[in-house]
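Written out below as structure tokens is the structure these notes cover.
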Amino acid sequence: MIVCVTNLSSRKTLLHVIWILPLQRQTSKKKSSASASASASAGNLVRSLGIMSKRWIQNPNRCADEYLNGIEDYTEFARTHNPGATRIRCPCRRCKNTLWETIENVGFHLVRHEMIETYSFWNLHGEQLDNASSSNATRVDNVEPILDLNE
Numbered sequence: 006m007i008v009c010v011t012n013l014s015s016r017k018t019l020l021h022v023i024w025i026l027p028l029q030r031q032t033s034k035k036k037s038s039a040s041a042s043a044s045a046s047a048g049n050l051v052r053s054l055g056i057m058s059k060r061w062i063q064n065p066n067r068c069a070d071e072y073l074n075g076i077e078d079y080t081e082f083a084r085t086h087n088p089g090a091t092r093i094r095c096p097c098r099r100c101k102n103t104l105w106e107t108i109e110n111v112g113f114h115l116v117r118h119e120m121i122e123t124y125s126f127w128n129l130h131g132e133q134l135d136n137a138s139s140s141n142a143t144r145v146d147n148v149e150p151i152l153d154l155n156e
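Count along the sequence shown from 1, add 5, and you get the number used in the working numbering.
See below:
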């Protein structure tokens, strides 16, 4: 469970992570069940196609549903692309992909310390370039011939 507490005197939001296995949160009561269902269906379609939005990484509100859903999707992605792994590199700002943590602890770290904003291609966690786009790429050299001035 993730609890966000706002200190009114200092106007700072404190983030307390109590337990994060798996990330669970209550959906906003403002959302209608139809819009929540449509949103979940769109998210499932995106995940099934292997396309993931990484916009959540730039969200400054780590208590926002978008950010928490992003962490949940990321940890599921890491679990799927690293079957049987007990630890993965942690992409939080503190660990910087140099320390190995359990997937659950990685989720905790991403809530507590945020994801490295520049880590947009998750190659250390199983993401690969699209083979179709890389195989159709052609190399073009824009090099002008060098003139031999001794001629």
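The C-beta atom is built at its ideal place from N, Cα and C for all residues, glycine as well.
Comparing alpha-carbon positions, which option in the options lies nearest residue i?
| i | options | result |
| --- | --- | --- |
| Arg98 | Arg60, Val116, Glu81, Arg84 | Val116 |
| Leu129 | Asn64, Asn74, Thr103 | Thr103 |
| Lys101 | Ser58, Trp127, Glu132, Leu73 | Trp127 |
Mind checking which residues open and close the alpha helix (DSSP H) that includes residue i?
| i | result |
| --- | --- |
| His118 | 108 to 118 |
| Leu73 | 70 to 86 |
Could you check the C-alpha separation between residue i and residue j for me, to the nearest Å?
| i | j | result |
| --- | --- | --- |
| Glu109 | Leu134 | 26 Å |
| Ile62 | Thr91 | 24 Å |
| Glu106 | Pro96 | 10 Å |
| Ser125 | His86 | 16 Å |
| Arg67 | Glu132 | 24 Å |
| Phe113 | Ile93 | 13 Å |
| Val111 | Asn64 | 18 Å |
| Leu54 | Tyr79 | Reliability fails at Leu54, whose pLDDT of 41 lies under 50, so the model's placement of it is uncertain and the value that follows must be treated cautiously. Distance between the alpha carbons of Leu54 and Tyr79: 15 Å. |
Mind checking residue i: buried by the 16 CB within 10 Å criterion, or exposed?
| i | result |
| --- | --- |
| Gly89 | exposed |
| Glu71 | exposed |
| Thr123 | exposed |
| Ala69 | exposed |
Flag residue i as yes when its Cβ comes closer than 8 Å to any non-hydrogen atom of the ligand ATP, and as no otherwise.
| i | result |
| --- | --- |
| Thr107 | No copy of the ligand ATP occurs in the structure displayed, which carries no ligand at all. |
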